[in-house]
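Residue numbers (the numbering used here), protein chains in the order written: chain A, 1 to 81; chain B, 1 to 340. Here the structure comes first, spelled out in structure tokens, and everything after it is commentary.
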Amino acid sequence: MSAGVSAHSDRIDRATSSFCGHCGEPDDGGAGPASDPHLRCREQLEFEPPRYCTHCRRRMKVQVTPLGWTSQCTRHGVFVQ
Amino acid sequence: MTIQANLPTSYEILATARKQVLEEGRGLTQEQLVDVLSLPDDALPAALQLAHEVRLRHCGEDVEVEGIVSIKTGGCPEDCHFCSQSGLFDSPVRGVWLDIPELVKAAKETAATGATEFCIVAAVRGPDIKLMNQIKFAIDRINEAVDINIACSLGMLTQRQVDQLKDWGVHRYNHNLETARSYFAEVVTTHSYEERLETCNMVKAAGMELCCGALIGMGESLEQRAELAAQLAALEPHEVPLNFLNPRPGTPLENQGIMDGKDALRAIAAFRLAMPRTVLRYAGGRELTLGDLGTREGLLGGINAVIVGNYLTTLGRPATADLSLLVELNMPIKELQKSL
Ligand code: SF4
Ligand SMILES: [Zn+2]
Ligand SMILES: [Zn+2]
């Protein structure tokens, strides 16, 4: 992790998220699972690290290694597994 | 009346394969492979069982475990329509380099799983001097830190680059055909099938092991899938990684859909019956195409190698899930042999 960048633990905290980590579109979580437009995105996030920062929608620098991954937003820090 | 005569027409190919592939060690031809790929669902367990027997007889019970990592992700100038790392598509994958300490850490973690292979991959048409220097540096640092075979996948090579990699101790080089010659232009327009073959042939001629893979489920016909397996068999690669399309956002194949799981299993059996002695590796897309049970079915259906953990840009099953499965199936992990 680069100096000055804060670390977030594991997956994205939906309560404080504004954007979908998979597709980058606005994400308010929907009224319930049935009306959640990002349901498929959440499934996809089982197979891929988040590529968009959920706070500011910037495309993140993602690095995947055999046993881990990091997604880094230049403004909001690093998400790690 | 013999048992063979009692078999339904669709099973005749399996009786032929039992004699030709299992007993005589000769892979099926392209036409025969079409028959395997066209088998009905009720013949699938028998096809997988036969492919498993072929693998056990001609390769043994060991499973080769490998980790792969991207030293340079994204921004590739090529247009492979399935690839999220092409810089020509509107893909969310950003260009990024992995630094050498991180690469060494990944190699150590990979070795700690019991893996004997570590493949360094770069999303490039072919390596430039800067990348070759990085690779040399990375190889030296990894060799200082951990005992593992190093493979590379750096796109198309010149003869000089082939020779350099060989000198630096790279024991295996990956360069995929991806799809059948007759379908190649549908999925790649910035380089040709022949250019890919050229690199594969140079690698083999230099004495490195060739790893040459397939990506199926891109809209090719069954005949083209059989063509691909036959073309790979003709190349006689040491290893064939078998990938299933994971349609990536922003790529031309994003709406292709995920291939049918049973078709994927038929393909596994067919590839094993085409190449009885090759290391046949489960690679990308297996989680999505076949779900959790697919790994077991594949390992009991002709597969004898796995990529452990994550892929280059997507995530795989947890390494521990695959490793415990190998224990449960009584399949030992292949041990390290620094052969080259
Ligand atoms: S050459 Fe490799 S990295 Fe580049 S677009 Fe094709 S598959 Fe992707
Ligand atoms: Zn989304
Ligand atoms: Zn951000």
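We put the CB at the ideal spot given by N, CA and C, even for glycine. Since this is a predicted model, take the numbers as computed values, not measurements.
Rounded C-alpha distance that separates residue i from residue j
i, j, result
"ILE71/B", "GLN20/B", "42 Å"
"ALA107/B", "ARG286/B", "23 Å"
"LEU210/B", "LEU197/B", "11 Å"
"LEU344/B", "LEU228/B", "Because chain B in this structure spans residues 1 to 340, residue 344/B falls outside the shown range and cannot be described."
"LYS334/B", "LEU242/B", "19 Å"
"LYS166/B", "ALA206/B", "7 Å"
"LEU88/B", "ASP322/B", "35 Å"
"GLY67/B", "ILE307/B", "6 Å"
"GLY294/B", "VAL124/B", "31 Å"
"SER339/B", "ILE100/B", "With a pLDDT of 48 at SER339/B, under the threshold of 50, the predicted position of this residue should be treated as unreliable, though the coordinate-derived value follows. Spanning the two alpha carbons is a distance of roughly 25 Å."
"GLN44/A", "SER86/B", "20 Å"
"GLU102/B", "PRO66/A", "11 Å"
"CYS59/B", "GLU12/B", "25 Å"
"VAL96/B", "ASN246/B", "21 Å"
"LEU22/B", "ASP163/B", "37 Å"
"ILE12/A", "THR278/B", "Confidence is the limiting factor: at ILE12/A the pLDDT is only 47, short of 50, which leaves the residue's position unreliable, though a coordinate-based value still follows. Approximately 42 Å, taken between the alpha carbons."
"LEU253/B", "LEU265/B", "22 Å"
"ASN330/B", "HIS76/A", "46 Å"
"VAL104/B", "ALA145/B", "7 Å"
"THR54/A", "ASP27/A", "8 Å"
"ALA47/B", "GLN32/B", "13 Å"
Neighbourhood of residue i by C-beta, 6 Å cutoff - its chain only, sequence neighbours within 5 removed
i, result
"TRP69/A", "PRO49, GLN81"
"SER324/B", "none"
"MET392/B", "Because chain B spans 1 through 340 in this model, residue 392/B falls outside it and cannot be assessed."
"THR189/B", "ASP79"
"LYS204/B", "LEU210"
"LEU139/B", "According to the sequence shown, residue 139/B is Ile rather than Leu. Contacts found: ILE150, TRP168."
"GLY298/B", "ILE268, TYR282"
Of the residues the options, the one placed nearest residue i, counting alpha carbons only
i, options, result
"LEU37/B", "ALA115/B, ARG26/B, ALA51/B, ALA305/B", "ALA51/B"
"ARG225/B", "LEU329/B, GLY87/B, PHE244/B", "PHE244/B"
"LEU217/B", "GLN49/B, HIS81/B, LEU39/B", "Position check: residue 217/B holds Gly in this sequence, whereas Leu was assumed. Ranking the options by Cα distance to GLY217/B, first place goes to HIS81/B."
"CYS200/B", "GLN159/B, SER182/B, GLY169/B", "GLN159/B"
"ALA115/B", "ARG266/B, VAL65/B, CYS83/B, LEU300/B", "VAL65/B"
"PRO332/B", "GLN49/B, LEU44/B, THR113/B", "THR113/B"
"LEU222/B", "MET208/B, ALA17/B, ILE268/B", "ILE268/B"
"MET259/B", "GLU236/B, ILE139/B, GLU239/B, GLY219/B", "GLY219/B"
"GLY75/B", "LYS61/A, PHE47/A, ARG57/A", "LYS61/A"
"GLU53/B", "GLY309/B, ALA319/B, LEU300/B", "LEU300/B"
"SER17/A", "SER35/A, PHE79/A, CYS56/A, GLN63/A", "CYS56/A"
Minimum Cβ-Cβ distance from residue i to chain B less than 8 Å
i, result
"VAL62/A", "yes"
"GLY77/A", "no"
"GLU48/A", "yes"
"PRO66/A", "yes"
"GLY21/A", "no"
"ARG51/A", "yes"
"SER17/A", "no"
"ARG59/A", "yes"
Residue-chain proximity (residue i, chain A), Cβ-Cβ < 8 Å
i, result
"SER153/B", "no"
"VAL21/B", "no"
"ILE333/B", "no"
"ARG94/B", "yes"
"ALA319/B", "yes"
"SER339/B", "Note that SER339/B has pLDDT 48, beneath the 50 cutoff, so the model's placement of it is unreliable and no number is given."
"SER70/B", "yes"
"ASN174/B", "no"
"GLY309/B", "yes"
"THR122/B", "According to the sequence as given, residue 122/B is Ala; it is not Thr. No - not a single Cβ of chain A is within 8 Å of the one on ALA122/B."
"GLY291/B", "no"
"GLY298/B", "no"
"GLU117/B", "no"
Close beta carbons around residue i, own chain, < 8 Å, minus the five adjacent residues each side
i, result
"PRO127/B", "ILE135, LEU154, GLY155, LEU157, GLN161"
"GLU25/A", "PHE19, PRO37, HIS38"
"MET208/B", "VAL162, LEU165, LYS166, VAL170, HIS171, ARG172, TYR173, LEU340"
"GLY25/B", "HIS58, PRO276, ARG277"
"ARG296/B", "LEU325, LEU329"
"ILE148/B", "ALA107, THR110, ALA111, ALA115, THR116, GLU117, PHE118, ILE142, LEU336"
"VAL240/B", "CYS211, CYS212, GLY213, ALA214, LEU232, PHE271, MET275, THR278, VAL279, LEU280, ARG281"
Cβ-based neighbour list, residue i, same chain, cut-off 7 Å, excluding 5 preceding and 5 following
i, result
"ASP41/B", "LYS262"
"CYS41/A", "CYS20, HIS22, CYS23"
"ARG55/B", "ARG272, GLY302, ASN304"
"ARG59/A", "ARG51, TYR52"
"MET202/B", "LEU157, GLN159, VAL162"
"ARG18/B", "LEU50"
"PHE137/B", "ILE100"
"MET132/B", "GLN161, GLN164"
8 Å contact criterion, which residue i and residue j should meet: CB distance rounded
i, j, result
"TYR311/B", "GLY291/B", "Actually they are not in contact, since the Cβ atoms of TYR311/B and GLY291/B sit about 17 Å apart, beyond 8 Å."
"VAL93/B", "THR313/B", "6 Å"
"TYR193/B", "PHE184/B", "4 Å"
"VAL343/B", "VAL69/B", "This structure leaves residue 343/B out entirely; chain B is present only between 1 and 340."
"ALA180/B", "GLN256/B", "Not confirmed; about 16 Å, so no contact."
"ARG248/B", "SER84/B", "4 Å"
Residue i: CB within 7 Å of a non-hydrogen atom of ligand 5
i, result
"SER86/B", "By its list of ligands, the structure shown excludes ligand 5, since it contains just ligand 1, ligand 2 and ligand 3."
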